[in-house]
Each structure stands twice: as structure tokens, then as C-alpha cells.
DNA sequence: CCGCTTAACGTCAGTGACTGGCGCTATGGA
DNA sequence: TCCATAGCGCCAGTCACTGACGTTAAGCGG
């Protein structure tokens, strides 16, 4: 059996083709109805190659997560001193907005598939948890208490996530506007009243 | 082949035995190193029966989730009117503490296994997301805005979850004390400063 | 220009989670 | 007493994922 010459063996090339093929097939037939063999076939590679690039069938849609996490940690670390935790986070989120905005054509169908597939939602939640944990660690290195760092990271991420969702649903506003709006909501929630005792 | 008479065919009985066997095996060999056939064997049933009671290998550890969700939704619905969202949630969480406290002997090793197994952590996060979504819906039925309900539910759950973790790590304090402490932290976070613009 | 190393891939065989189908049997009424 | 049904055992099959080994192409020193 001869090896096809048409497909370049560059590595990163096949990886991108696999991601593209997976997203297309997940949208066409649904995640559960597409096999890894089909993804590989559309990408012009062997099924085994799929698992050399991605540890499982879900991970193929979660590639940029480590970039976003790294960018967020750096943004938190570089924030000016003296800021309160949630102030720090808002600044950090605003700094990484570009990463999402540049990826919008890819991010939109991707989020659609994830929302429609329980298995992918689970993975998405796991990625979010990993990011918030990293953000919490970055806060700790700025001197934020162990107790507060975790809570602050989760609260901030919740607002960021809500902003992203609103931005997907309503593209007429910028992600930045949605983000500021979400932090307004945060303020509204805590400003009114937090029970004493 | 005769059917064994020793195992009662009650249904709920086999279900409990499967949960017990799964928890034991996950602790002894780890989640990835135990097969569903082994769980079924220890429970004295066929592997097929395992999948009649639980949709997959993870779900066997997440049985009480629907009870907790239902109790939380009811507690939110029954809270007195005029309370702010986070006030409502604190009252609701305090009402369902007993469910967790009564289950502590089972919950402790369970959480240990979950924390040590990525696949189980994913499922745990999914369950938490389902609960927060239900809580958000309960808040909406009390008239809380769409925008605020989701954020409030996530913030409240984050505090509740932190309280549970602290309670597992430090049983000398009651879960209620940990919960109040966590909401204190919430207050500390938002009292200091939320960035205006 | 030639051999050599190595990265990326193909192929094969195997494990294990999960499903559908079918037959059995005990149990609780009619 | 009969019978519908729930709960289970058994079998065959699909598919995600893995380990081992062979194959090809590209870079690199000679």
C-alpha cells in the first residue's frame, strides 16, 4: 500500500485539518453520531493519527484553552499593585478579550456544538475550572488570601462567561461592553445586600 | 444455568450494592483500573445490570444529586419574600445542610475519589452546573432578573461549595459555621471595591 | 550525493465502555 | 390459578482508545 503524496506530512497541518473536520462533522451529524474514524477520513489521515494529536474525541474542540489560561495568568500577574481582587480580574479579562474576538468565526459554531452536547459541556466546564484554578493561583501570588482567591476567581469567571454568552447572542455590542455590563451586574448583586449573619 | 437465589431481586437492593461496590473498587484500585464487570461481580449481578441502573461508569457515584437539587429549589421557592438574591440563597443552603451532614460517612470517601479522578471531576462539575441552573431558575420564579439569576446562583454555589470543602477538611466546625464563613468571604470580596468602569 | 536519525504516519490487534435484542423467572394482582 | 410485568442473565455488536511495530519522508552530517 502506497502512502498518498497529496497530504503534506507537516504535523501541525494534519492537526488543523482534524480540528476543522471534527467541528464540521459535529455540526452536521452531532457529536454522538460521528466516529473518530470519520473525522480522520475527512481530514485525510488515519484514525490512529487522530489520537496522536488529541487524547480523546472531545479534546479536539478545546485547543486554545491553554493559551487563554496563560494569557489570563500573565495579565493578572502584570496588573498594577494595590488593586482589589475583582478589580484585578476585570483588568485581566479586558486584556485577553482580543484572543476571543479574533477567534470569533471559529468560536461561534464551536460554542453552539458544545451547548448542544452534554459530553462537550462537561469538558467545557472542566476547562473553565482549570482556568479559574490558575487564575486563583495567580491571585495568590499577588498576596490574596487562600480563602478569597478561589471565590474571587470563580465570581470573576462567572461574569466573564456571562459576558461571552451575551456577546455570542448579541454581537451588536462589543465583548468589552458586555463584560462591563456583567461586572455591573456583579455590583448590583453585592451592593444591595449581603446578609449579616 | 440456574439463577442464584441468594441475591434478592428487589431492584433497589442491587442498585445500592452496585454503588457500594463501585465506591470500594474506585478507592482500592482507582477509577481507571476498575472495570464495570468487576463492579457488577462484587455486587453479585451481571455487568448488564450495572448499565440498567446507571447510564455510565461515573454516574454510579452521583445518585443524591437530584435530591439535593430538588431540596434546594424548594428551599429557594419557600424563602420569605423581599429578600435579596444572595440572602435567599444563604437561607436555602442552610436549609439543606442536613442532607449533606446525614450523608457524611458516604460523602467523604466519595469526594476523595472524585477529587483524585479527572473523569469524575468532570461529572461533578456538570452536576454542580445543573444544580446552579436549577437554582437560577428558582430565583427567576421569584422575580429575579434573567441577568442576575445566573450570576447569583453561581456565586452562591461557589460559596456553598467552598464551605463543603472546608467542612470536609476540617470537621471540627459545623457545615453551618463554614457556610457562614464562606458568605463572610463573599462580603469581604465585594465590600472592598468593585471597579466603577 | 549518500547513509542515518528522527518525526509523523499507517496498520494491526486488543481492551473495555456501552447498547440492543432475546429469553428467563419471580412477583403481584385479576 | 393464570398472567402481565419488572428485573435480570446472556450474547453479539459498535466504538473509543491503546500498545506495538513497520513505513515513509525530511533534515543533517559526512
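Protein chains in written order, with this note's numbering: chain A, 1 to 197; chain B, 1001 to 1197.
All residues carry an ideal CB built from backbone N, CA and C; glycine is no exception.
Given a length threshold of 4 residues, each whole run of the alpha helix (DSSP H) inside the segment 1087-1121 of chain B is given here in chain order: 1104-1116.
With a 10 Å radius around the Cβ and a threshold of 16 neighbouring Cβ atoms, residue 1084(B) comes out buried.
Spanning the alpha carbons of residue 63(A) and residue 1026(B) requires a straight line of approximately 30 Å. Taking a 10 Å sphere around the C-beta of residue 10(A), we find fewer than 16 other C-beta atoms and assign the residue as exposed. Residue 1150(B) carries a helical assignment under DSSP once its states are collapsed to helix, strand and coil. Contact note: residue 1150(B) reaches chain A through 162, using a C-beta cutoff of 7 Å and chain order. Chain order gives no chain A residues near residue 1059(B), where near means a beta carbon separation below 9 Å; the closest approach is about 12 Å. DSSP places residue 1060(B) within a helical segment (H, G or I) once states are collapsed to three. Against residue 123(A), the close residues of chain B are 1122, in the order they occur along the chain (beta-carbon pairs closer than 9 Å). Contact between residue 1182(B) and residue 1138(B) is ruled out by a C-beta separation of about 20 Å, above the 8 Å threshold.
The residue from 60(A), 46(A), 177(A), 187(A) with its alpha-carbon nearest to that of residue 1148(B) is 187(A). Ranked by Cα distance from residue 1121(B), the first of 1050(B), 1091(B), 1061(B), 1043(B) is 1061(B).
Here residue 1029(B) is exposed. Its C-beta has fewer than 16 other C-beta atoms within 10 Å. With respect to residue 1168(B), residue 1097(B) sits apart: the two C-beta atoms are not nearer than 8 Å. When the beta-carbon positions are compared, residue 123(A) and residue 58(A) come within less than 8 Å of each other. Judged by DSSP secondary structure, residue 1054(B) falls outside any alpha helix (DSSP H); it is assigned neither H nor E. Chain A places no beta carbon closer than 8 Å to that of residue 1146(B), leaving this residue out of the contacts. Taking every protein chain shown into account, the CB of residue 185(A) has 16 or more other CB atoms within 10 angstroms, so this residue is buried.
The continuous stretches of alpha helix (DSSP H) do not include residue 142(A), and DSSP gives it neither H nor E. Taking a Cβ-Cβ cut-off of 9 Å, residue 1131(B) has no neighbours in chain A, whose nearest Cβ is about 12 Å from it.
Rounded to the nearest whole angstrom, the C-alpha separation of residue 1179(B) and residue 1161(B) is 9 Å.
The distance from the Cβ of residue 12(A) to that of residue 45(A) is about 13 Å, inconsistent with a contact at the 8 Å cut-off. Within chain A, 147, 148, 151 have C-beta atoms less than 7 Å from the C-beta of residue 1185(B), given in sequence order. Assigned with DSSP and collapsed to three states, residue 1031(B) falls in coil, not helix or strand. Contact annotation: residue 1068(B) and residue 1164(B) have beta-carbon atoms that are not nearer than 8 Å. A straight-line Cα-Cα distance of about 28 Å links residue 1100(B) and residue 1049(B).
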